[in-house]
Amino acid sequence: MLHRSLPGFIEVICGSMFSGKTEELVRRVRRAQYGRQKVQVFKPAVDNRYSDDHVQSHDANKILSTPVKTAWEIVERVDDNTRVVGIDEIQFFDDSIVEVCNKLAYRGIHVVAAGLDMDFQGQPFGPIPKLLAIAEHVTKLQAVCVVCGMPATRSQRLVGGDGVVAVGATEMYEARCRFHHEPHVFQDQKPTGLKSKVQSKVLEANGISEASV
Ligand SMILES: [Zn+2]
């Protein structure tokens, strides 16, 4: 069996919203396609932002993808001659995605997984911590903070919603740096607000004075 002699491995591309994760996933997958490697891309069925059969980033760069309801469905759908498997929005899978990625890598497949490392409250997102631990390569991308222009690592939610699984594009989130991220406050559609009283209190509680921010 040819595929058994191939070195499988796992790459994870993570970061906040607007950090270019999907663009980077598409770039890596395209690169393999240019090398005439068979590629398959999957995404959780929950993410139907733009279309049902494409991985599409905010700048409309798209590639054919298959929506799946569970992580194990990926294993069932990967063809024998597939060399590269891309998985987008990986934070929306449960922990079984970790075992699935491992299984694919042992099968000789190059796995490229992209997703949010933190939810809008700044907490590690779903299976991502485990995936980062078992991956051969990790790329952590940063966006630009809309308040101060420094590198942003967090996603600020601007409107309320139910739970962390609220998939949205530009109108619902902004990229923020550590100091301008307000994890427990929705901004109620007020874009790039100045530092709120709540955030000042949070900073105070962490021993950070106003002047140093
Ligand atoms: Zn900032």
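Numbered by the numbering used here, the letters in the sequence shown go through residues 7 to 219 in order.
Note that CB positions come from ideal geometry on N, CA and C, so glycine has one too.
Enumerated in chain order, which unbroken segments of the beta strand (DSSP E) with a length of 3 residues or greater are wholly contained in the region 79-110?
Here the runs fully enclosed are 90-93.
Going by the beta-carbon positions, is the gap between V118 and L12 smaller than 8 Å?
The residue given as residue 118 occupies position 112 in the sequence shown. The residue given as residue 12 occupies position 6 in the sequence shown. Cβ distance not < 8 Å, so V118 and L12 don't count as in contact.
Grouping DSSP H, G and I as helix and E and B as strand, with all else coil, what is I140?
For the purposes of this step, residue 140 is taken as the residue at position 134 of the sequence shown. I140: helix per DSSP, three-state reduction.
When you compare only the Cα positions, how much space is there between R184 and E177?
Here residue 184 refers to the residue found at position 178 of the sequence shown. Here residue 177 refers to the residue found at position 171 of the sequence shown. Computed Cα separation, rounded: 20 Å.
Can you find at least 3 beta carbon pairs, one from the region 34-51 and one from the region 123-138, that sit closer than 8 Å?
No: the two stretches stay apart, fewer than three of their Cβ pairs being nearer than 8 Å.
Distance, Cα to Cα, P197 vs F99?
As a first step, residue 197 must be located in the sequence shown, where it is residue number 191. As a first step, residue 99 must be located in the sequence shown, where it is residue number 93. In this prediction, P197 has a pLDDT of 47, which is less than 50 and means its spatial position is unreliable; what the coordinates show is noted afterwards. One C-alpha to the other measures close to 30 Å.
Closest to I69 by C-alpha separation, out of H187, K109, A120, Q46, would be which residue?
Mapped onto the sequence shown, residue 69 falls at position 63. Comparing Cα positions, the closest option is Q46.
Would DSSP call A77 helix, strand or coil?
As a working mapping, residue 77 is identified with position 71 in the sequence shown. Here A77 sits in helix by DSSP.
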